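Residue numbers (this note's numbering), protein chains in the order written: chain X, 1 to 242; chain S, 1001 to 1370. Heads up, the beta-carbon is just placed ideally off N, CA and C, and yes, glycines get one too. Keep in mind the model is a prediction, meaning the values are calculated, not measured. Working notes for the structure below.
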């Protein structure tokens, strides 16, 4: 009887682990579209969230994918998260229509990219304006339903989204919400508990601001506008450790 | 007399002042009008169609060629305009470009897909919405690189139309060709090689010749360079094959592809030169000499820049006066049957102006015996 109970407990644990995906380590480096060599980075130090594709929206036209064209070299055992950025085509004067067919096409592109890159973790990065939030919510649902079980699904968030619930973030089909705390100096925790698990920082933060909400986060994503080198990685990870 | 002149001058000054006052209803600011240094306004298609605008001495030479032809009354045929648009197409950012400003090239992939989807047997394979059947993902570098260029789809489309006209649709021969071509293009963005099987022994000779080329091409896209070399060399030695000539060029093209980008070994450069020399010195290979010359220049790019910089724009303009248009052929011919050394240098100049991975300009001039 006790053995059966143990098996049931193990099964419940495994199913819970699968549902929440393979979570990233506590330190993640965002790697954007530039040639980057991080082969020196050890898995114990940090993982990488690398931009694999940007999808552009222009009026009612089908979205246009722009897959990564810059090289990223990392050791094979490093934790890797695929990032897909969605954004309006800024070179166009037409506002995106956020139509259903555009959403389905974008979801198909994202899932196709996950398949091609064999990614086990995915982050969607979209500074969605208010008019695009229903589109975004449904897109995240489409992507979640299309992903294999066990794939970790993350999303970035603007700080303004993390106000006191209820917010539009409630009930989103994601494993993690990463508020991009690039410019604020506030140490107060986010009103929405869903935003407290992880946080996104840029390298140029003021040391004095690295307190409170940053320290409370289980996971920190780090961005550097100039890209990463061994010295900048060492400097940033050293600062985060303090 | 003096008084009347003074009166006229006074009246002019007063009327000018009145005009100025009349126009002074709103401030007028200096307006900056920007123009491109190397190329005309976008979209380039207007320039290609003959709306030349203000020609700048700083424009790239390829624009001078087009401008000169219009200014001398020769102009460009529809086919030549299409070639020129294709030539500039990659400068809009490639097949996944989002900019609509200058997508003036023909989308040969879309044309191929449209033609392919109209064929019911066999049904058209699905295409990745991310790679669009052209980009290959490298899991080591995380880069999506162009593996199957627009020319591949243009060539396939034309062959498809020719084979359909010859064998009919549906027909076993045509279906066999289409199936094999689907497998060839599957290698464009597939992680694993996708090589068509040999054609059945009872298939028409042309289909068997096509298949040998398709197998070599599939190996090319799959990066199996040794198999590519063997395949294209074999086809090149078969004068009866319609792919014999281009395969000879593709042997050299593959050799270039096998070279490391940085500091290629001298032996590899030498082998490429040897292969290229065979083509360049034999008049039978005239149609592929332009593109072969370009390969050599790509292999020796640094020295090529030094040679080009010594040429004067005036020389180039003078040399292009020799170009004439061949009606309905879709190519620009050089009128001289025995080109001078100067003309050969001109062709090299044209070769240099084109982007490294494009072939069209060299094709434009490749009908000239070198």
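Would you list the residues sitting across from residue i in a DSSP beta bridge?
i, result
"residue 177 (chain X)", "X:155"
"residue 50 (chain X)", "X:31, X:82"
"residue 200 (chain X)", "X:180, X:221"
"residue 55 (chain X)", "X:65, X:86"
"residue 1221 (chain S)", "DSSP output for residue 1221 (chain S) lists no bridge partner at all."
"residue 1137 (chain S)", "S:1144"
"residue 73 (chain X)", "X:37"
Considering only C-alpha positions, which residue in the set the options is nearest to residue i?
i, options, result
"residue 1038 (chain S)", "S:1048, S:1185, S:1087, S:1055", "S:1055"
"residue 112 (chain X)", "S:1130, S:1106, S:1123", "S:1130"
"residue 90 (chain X)", "X:107, X:56, X:117", "X:56"
"residue 105 (chain X)", "S:1127, S:1043, S:1208, S:1144", "S:1127"
"residue 1233 (chain S)", "S:1240, S:1216, S:1224", "S:1216"
"residue 72 (chain X)", "X:31, X:216, X:233", "X:31"
"residue 1185 (chain S)", "S:1225, S:1087, S:1282, S:1113", "S:1113"
"residue 1085 (chain S)", "S:1135, S:1044, S:1051", "S:1044"
"residue 143 (chain X)", "X:133, X:95, X:195, X:107", "X:107"
"residue 1108 (chain S)", "S:1222, S:1156, S:1076", "S:1156"
"residue 1222 (chain S)", "S:1063, S:1123, S:1146, S:1142", "S:1146"
"residue 182 (chain X)", "X:227, X:117, X:169, X:199", "X:199"
"residue 1198 (chain S)", "S:1258, S:1116, S:1075, S:1180", "S:1180"
"residue 36 (chain X)", "S:1106, S:1143, S:1050", "S:1143"
"residue 1206 (chain S)", "S:1188, S:1235, S:1268", "S:1235"
"residue 1214 (chain S)", "S:1187, S:1294, S:1276, S:1202", "S:1187"
"residue 1227 (chain S)", "S:1201, S:1255, S:1245", "S:1255"
"residue 86 (chain X)", "X:93, X:67, X:225", "X:67"
"residue 245 (chain X)", "X:239, X:234, X:202, X:79", "The structure shown does not extend to residue 245 (chain X), since chain X spans only 1 to 242, so no value can be given for it."
"residue 1245 (chain S)", "S:1120, S:1064, S:1280", "S:1280"
"residue 228 (chain X)", "X:88, X:48, X:25", "X:48"
"residue 1079 (chain S)", "S:1272, S:1106, S:1191, S:1124", "S:1106"
"residue 1062 (chain S)", "S:1072, S:1040, S:1270, S:1264", "S:1040"
"residue 60 (chain X)", "X:42, X:54, X:88", "X:88"
"residue 245 (chain X)", "X:99, X:232, X:127, X:240", "Outside the shown range of chain X (1 to 242) lies residue 245 (chain X), about which nothing can therefore be said."
"residue 1082 (chain S)", "S:1151, S:1257, S:1132, S:1260", "S:1151"
Mind checking which residues open and close the alpha helix (DSSP H) that includes residue i?
i, result
"residue 1147 (chain S)", "Where residue 1147 (chain S) is concerned, there is no enclosing alpha helix (DSSP H), given that its DSSP letter is neither H nor E."
"residue 1275 (chain S)", "1266–1280"
"residue 102 (chain X)", "100–117"
"residue 1172 (chain S)", "1172–1186"
"residue 142 (chain X)", "133–146"
"residue 1297 (chain S)", "1289–1299"
"residue 1119 (chain S)", "Note, residue 1119 (chain S): premise wrong, no alpha helix (DSSP H); not H, not E."
"residue 1195 (chain S)", "Careful: residue 1195 (chain S) lies outside any alpha helix (DSSP H) and carries neither H nor E."
"residue 1256 (chain S)", "1244–1258"
"residue 1034 (chain S)", "Premise fails: residue 1034 (chain S) is in no alpha helix (DSSP H) and is neither H nor E."
"residue 1047 (chain S)", "1044–1048"
Tell me where the beta strand (DSSP E) around residue i begins and ends.
i, result
"residue 1071 (chain S)", "Element bounds for residue 1071 (chain S): not the beta strand (DSSP E) but the alpha helix (DSSP H), 1061–1071."
"residue 122 (chain X)", "121–125"
With a cut-off of 8 Å on the beta carbons, I'd call residue i and residue j a contact; round off their distance for me.
i, j, result
"residue 1196 (chain S)", "residue 1224 (chain S)", "Not quite, the Cβ-Cβ distance comes to about 13 Å (not below 8 Å), so this is no contact."
"residue 1154 (chain S)", "residue 1177 (chain S)", "No, residue 1154 (chain S) and residue 1177 (chain S) are not in contact; Cβ-Cβ is about 16 Å, not under 8 Å."
"residue 39 (chain X)", "residue 75 (chain X)", "6 Å"
"residue 169 (chain X)", "residue 177 (chain X)", "6 Å"
"residue 237 (chain X)", "residue 46 (chain X)", "6 Å"
"residue 65 (chain X)", "residue 102 (chain X)", "About 12 Å; that fails the 8 Å criterion."
"residue 84 (chain X)", "residue 110 (chain X)", "5 Å"
"residue 34 (chain X)", "residue 93 (chain X)", "Incorrect: roughly 28 Å between the Cβ atoms, too far for contact."
"residue 1161 (chain S)", "residue 1122 (chain S)", "Going by Cβ atoms, the distance from residue 1161 (chain S) to residue 1122 (chain S) rounds to 17 Å, so no, they are not a contact pair."
"residue 1296 (chain S)", "residue 1266 (chain S)", "Contact doesn't hold; Cβ gap of about 15 Å is too wide."
"residue 179 (chain X)", "residue 157 (chain X)", "5 Å"
Any heavy atom of the ligand PLP within a distance shorter than 8 Å of the CB on residue i?
i, result
"residue 1044 (chain S)", "Among the ligands in the structure shown, none appear at all, so the ligand PLP cannot be discussed."
Practice task
Would you check if the segment 148–161 of chain X and the segment 109–128 of chain X touch, i.e. whether three or more CB-CB distances between them fall below 8 Å?
Solution key: yes
Exercise for the section: Assess, as a yes-or-no matter, whether the segment 185–198 of chain X is touched by the segment 131–148 of chain X under the definition of 3 or more beta carbon pairs within less than 8 Å. Expected result: no
Practice task
Would you be able to state if there are at least three C-beta pairs under 8 Å between the segment 1286–1294 of chain S and the segment 1247–1267 of chain S?
Solution key: yes
Exercise for the section: Specify whether the segment 1201–1214 of chain S and the segment 1236–1243 of chain S touch according to this definition: at least 3 beta carbon pairs, one from each stretch, less than 8 Å apart. Expected result: yes
Problem - Three or more C-beta pairs below 8 Å linking the segment 1132–1144 of chain S and the segment 1166–1173 of chain S - result: no
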